[in-house]
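Working notes for the structure below.
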Amino acid sequence: MSDKQSIGFIGIGAMGWPMATCLVRAGYRVTVYDARTEQSEKFASEVGGAAAASLAELARNAEVLVTILPNSDIVESVLFGEAGIAAALPQGATIIDMTSGVPAKTVRFAERLAEDGRVLFDAPVSGGVARARTGELTIMAGGEDEVVQAALPVLKAMGNVIRTGVVGSGHAMKALNNLVSAGGFLIGVEALLIGSKFGIDPEVIVDTLNSSTGMNNSTQKKFRQFVLSRGFNSGFALELMVKDLVIALGVAHDAKVNAPFANLCKEMWSSASAVLGPGTDHTALARFSELLAGSQIPERQS
């Protein structure tokens, strides 16, 4: 793919903004669209590229369309709804769905688009806002080899690409990754609660885990930064984690795999979301665990 290629980018949120910025920085001609018109205009003013006032306007010249939206239902509406963009895209256009989506729905979208001479593959991301800004996301790409291969320059402007298999496999892998992440966070918080109640300094617990076999992403990048500080402000919402866990369990159900720990993990996170309410950061799960334990992890004194 040439760096002169025209890219339409839908979803200028916490992740979409820095990802689209990476594409502008790489020399692509980027036109952005967000349901909040002022957000698109702000991006074009501050970063570059152009802002589309409508999906129809975005579609006219988009050789590649990138979507990163809250869920697959919104992707479906954007592609096929009343003001849907799919039919207006040029023949041969490639749609890269970077949403954390439902694999079965992604497969249906791809099949439907293929009937009209357009291709879709999934490429959800992991790494959070910090790595979105630096273009170092992990991108899980599911689709036909030649389609993904052709899109590699676009993807590599935003991160490192791992091929996961057929269409839908990227979304499945993203959900499974967050399942493992959610499990690690949950059990780590319980270790902090048990250890601090016993009398071990939480900082010592984190340091020990990080130099031992209990180390995981949460012990390294979340506990000291967002839990012991009581900030609970990592930038990833609790309800989005729950959404990904529901997707992961859906994959297990469709594959007829009994996953008791995954089910328990999902139920714990779902309960935390119900108790703590919408808009809560996912690291605030620690507060829910504290409620269940009847004890609080001591705050970091620094």
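For the sequence shown, the working numbering assigns the number 66 to the initial residue and increments by one for each residue that follows.
Built from N, CA and C at the ideal position, the CB exists for glycine as well.
These numbers come from a predicted model, not from an experiment.
Worksheet item: Just the Cα atoms here: how many angstroms apart are V184 and A222?
Response: For V184 and A222, the distance between alpha carbons rounds to 20 angstroms.
Discussion item. Quick check: the Cα distance between R228 and P189, rounded to an integer number of angstroms?
Written reply: The alpha-carbon separation between R228 and P189 amounts to approximately 11 angstroms.
Worksheet entry | Beta-carbon proximity check, G182 vs I204, cutoff 9 angstroms | Taking 9 angstroms as the cut-off, the beta carbon of G182 is found no closer than this to the beta carbon of I204.
Discussion item. Using the three-state DSSP reduction, which class does M205 fall into: helix, strand or coil?
Written reply: In the three-state reduction of the DSSP assignment, M205 falls in the strand class, which pools E and B.
Practice prompt. Could you check if L350 is buried or exposed, using at least 16 other CB atoms within 10 Å of its CB as the buried criterion?
Written response: Its Cβ being crowded by 16 or more others within 10 Å, L350 is buried.
Worksheet item: If you run the structure through DSSP and keep just helix, strand and coil, what is L185?
Response: Strand, per DSSP.
Item to complete: Given a cut-off of 9 angstroms, decide if L130 and I56 are closer than it, judged by their beta-carbon atoms.
Response: Since the first residue shown for the chain is 66 and the last is 367, residue 56 is missing from the structure and cannot be characterised.
Practice prompt. Alpha carbon to alpha carbon, how far is V212 from M66? Give it in angstroms, no decimals.
Written response: Residue confidence for M66 is low, a pLDDT of 41 falling below 50, so the modelled location carries little weight; the figure read from the coordinates is stated next. Distance from the CA atom of M66 to the CA atom of V212, rounded to whole angstroms, is 11 angstroms.
Worksheet item: With A327 and L251 assumed to form a contact (beta carbons below 8 angstroms), what rounded beta-carbon distance in angstroms separates them?
Response: In fact, because the Cβ distance is near 11 angstroms, the residues do not count as touching under 8 angstroms.
Item to complete: Would you give the residue range spanned by the beta strand (DSSP E) that D162 belongs to?
Response: T159 to D162 is the span of the beta strand (DSSP E), which, as asked, contains D162.
Item to complete: Please check the pair S299 and T348, which I expect to be a contact at CB under 8 angstroms, by giving their CB distance rounded to whole angstroms.
Response: S299 to T348, Cβ: 5 angstroms. Contact.
Worksheet item: Per DSSP, which one or two residues make a beta bridge with T96?
Response: In the DSSP assignment, T96 forms a beta bridge with G73 and A115.
Discussion item. According to DSSP, is L293 part of a helix, a strand, or is it coil?
Written reply: The answer is coil: DSSP assigns L293 none of H, G, I, E or B.
Item to complete: Taking 9 angstroms as the cut-off, decide whether the C-beta atoms of V232 and A175 are in contact.
Response: Less than 9 angstroms separates the beta-carbon of V232 from that of A175.
Worksheet item: Of all the options H236, S261, A158 and R289, which has the alpha carbon lying nearest to the alpha carbon of L123?
Response: Per the Cα distances, A158.
Discussion item. Using CA atoms only, rank isn't needed, just tell me which of R90, V307 and S277 is closest to G248.
Written reply: Here the closest residue by C-alpha is V307.
Worksheet item: Helix or strand or just coil, what does DSSP make of I252?
Response: Helix.
Discussion item. Measuring only the C-alpha atoms, how far is R198 from S142?
Written reply: If you draw a straight line from the Cα of R198 to the Cα of S142, it comes to about 28 angstroms.
Discussion item. Looking only at its chain, what residues have a beta carbon closer than 7 angstroms to the beta carbon of A358, apart from the 5 residues adjacent to it on each side?
Written reply: Contacts found: L258.
Item to complete: Report yes if the CB atom of T164 is closer than 9 angstroms to the CB atom of S137, and no otherwise.
Response: For T164 and S137, yes; Cβs fall inside 9 angstroms.
Worksheet item: Are G235 and D309 close, meaning C-beta to C-beta below 9 angstroms?
Response: Going by C-beta atoms, G235 is not nearer than 9 angstroms to D309.
Discussion item. Excluding the 5 residues flanking V89 on each side, which residues of the same chain have their C-beta closer than 7 angstroms to its C-beta?
Written reply: Within the same chain, V89 has close Cβ partners V95, V112, G113 and G114.
Discussion item. Could you compute how far the alpha carbon of T132 sits from the alpha carbon of S360?
Written reply: For the pair T132 and S360, the Cα-to-Cα distance works out to about 42 angstroms.
Worksheet item: Rounded to the nearest angstrom, how far is the Cβ of A206 from that of L220, given a contact under 8 angstroms?
Response: A Cβ-Cβ distance of about 7 angstroms is found for the pair A206 and L220, placing them in contact under the 8 angstroms criterion.
Discussion item. Run through the DSSP bridge pairs and tell me what G224 is partnered with.
Written reply: DSSP output for G224 lists L202 as bridge partner(s).
Practice prompt. Tell me L130's beta-bridge partners as DSSP assigns them.
Written response: L130 pairs with G73 and I160.
Worksheet entry | Residues near F301 by beta carbon distance below 6 angstroms, same chain, minus five either side | Apart from the 5 residues on each side of it in sequence, F301 sits with its Cβ closer than 6 angstroms to the Cβ of H347 in its chain, given in chain order.
Discussion item. By the three-class DSSP mapping on this structure, what secondary structure does A79 have?
Written reply: Three-state result, A79: coil.
Worksheet item: Who are the near neighbours of S336 in its chain, counting only those whose CB is closer than 8 angstroms to its CB and skipping five residues on each side?
Response: If we look at S336 and ignore the five residues flanking it on each side, its Cβ neighbours are F353.
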